[in-house]
Amino acid sequence: MNRFHRWYCGTGHWRRHLTGTILPQALTDEDLGDQVLELGPGRGASTAWLKTVTGSLTSLELDGDLSAALAERFSDVEIVNGSATDVPFEAGAFSGVVCTTMLHHVPTTAEQDRLFAEAKRVLGPGGVFCGSDSLSTPIFRLAHRGDVMNVVDPDALPDRLRAAGFSEVRVTRGSDFFTFRAGA
Ligand SMILES: C[S@@+](CC[C@H](N)C(=O)[O-])C[C@H]1O[C@@H](n2cnc3c(N)ncnc32)[C@H](O)[C@@H]1O
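Taking the working numbering, the leading residue of the sequence shown gets 125, the next gets one more, and so forth.
So, in structure tokens, the structure goes:
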């Protein structure tokens with residue numbers, strides 16, 4: 125993430141939008157179960173909210189410095205430094221997988237599809253994969269200058285999730301974001 129992005133993800137403005145609007149929409153009527161994996165926690169706004177709705181939360185972050193800061197902040201969350209395209213857990217280890225506002229940071233479509241396949245692999249039967257990502261607005265594009273910005277097309281997402289093995293896929297558009305859910 126560039127410096128602006130890293131700063132913004134830690135602000136109250138972003139936390140309120142994420143936890144007041146995006147996460148409630150993404151997780152409406154979803155039971156994540158008691159073993160949840162979060163992909164791309166970043167500064168931890170999503171982590172702080174997710175740990176209140178599940179028994180056990182594990183968060184997998186690519187950036188080493190962010191991982192270290194998260195581990196210091198959350199003593200009750202297992203923070204793992206690694207990539208969501210190569211998840212270091214066994215098949216079926218989780219009841220829910222969540223990622224918010226991180227897919228556009230995965231540089232290629234092939235890597236995003238690998239992430240979807242990994243989410244499917246680590247979910248047990250009846251598990252759910254859900255989350256959100258940003259739509260490409262002018263402010264969003266400005267915030268990502270010099271940063272990875274591989275925006276997901278929400279219209280193409282259902283087929284991509286089904287190709288990864290998911291069923292009962294739903295994608296919903298918000299004002300500047302979309303949410304999705306997919307059953308394992
Ligand atoms: C914009 S932040 C989102 C943080 C948080 N989920 C939120 O909604 O506020 C995206 C995070 O995804 C992380 N990330 C990008 N690619 C990743 C990957 N392949 N595996 C795990 N984390 C990744 C980035 O390092 C960054 O911390």
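Glycine is no exception: its CB is placed at the ideal position from the N, C-alpha and C atoms.
Only a predicted model underlies this, so the values are computations on that prediction, with no experimental measurement involved.
Check the C-beta distance from residue i over to residue j and give it rounded, since I have them as a contact under 8 Å.
| i | j | result |
| --- | --- | --- |
| L184 | E162 | 7 Å |
| L156 | S170 | Rounded, the Cβ-Cβ distance is 13 Å, inconsistent with contact. |
| R297 | P278 | 6 Å |
Let me check understanding here. Comparing Cα to Cα, which of the options lies closest to residue i?
| i | options | result |
| --- | --- | --- |
| R245 | V221, H229, G298 and D189 | V221 |
| I203 | A217, T209, L181 and D210 | L181 |
Residues in its own chain within less than 7 Å of residue i by CB, not counting five upstream and five downstream?
| i | result |
| --- | --- |
| N205 | E185, G188 and S191 |
| P282 | V293 and V295 |
| L259 | D300, F301 and F302 |
If I measure Cβ to Cβ from residue i and keep anything under 8 Å in the same chain, skipping five residues before and after, which residues do I get?
| i | result |
| --- | --- |
| A217 | Q159, L161, V246 and G248 |
State the DSSP-derived secondary structure class of residue i, mapped to helix, strand or coil.
| i | result |
| --- | --- |
| P148 | helix |
| L227 | helix |
| S191 | helix |
| S170 | helix |
| E185 | strand |
| T296 | strand |
| P249 | strand |
| G136 | helix |
Tell me which residue opens and which closes the beta strand (DSSP E) that residue i is part of.
| i | result |
| --- | --- |
| L233 | Here the sequence assigns Thr to residue 233, which means Leu is not the residue at that position. Not the beta strand (DSSP E): T233 falls in the alpha helix (DSSP H), residues T233 to V246. |
| F304 | F301 to G307 |
| L163 | Q159 to L163 |
In chain order, what residues of the same chain have a beta carbon less than 6 Å from the beta carbon of residue i, not counting five sequence neighbours either side?
| i | result |
| --- | --- |
| C223 | L163, G164 and G255 |
Hey, quick one: how far does the alpha helix (DSSP H) through residue i stretch, first residue to last?
| i | result |
| --- | --- |
| D283 | L281 to A287 |
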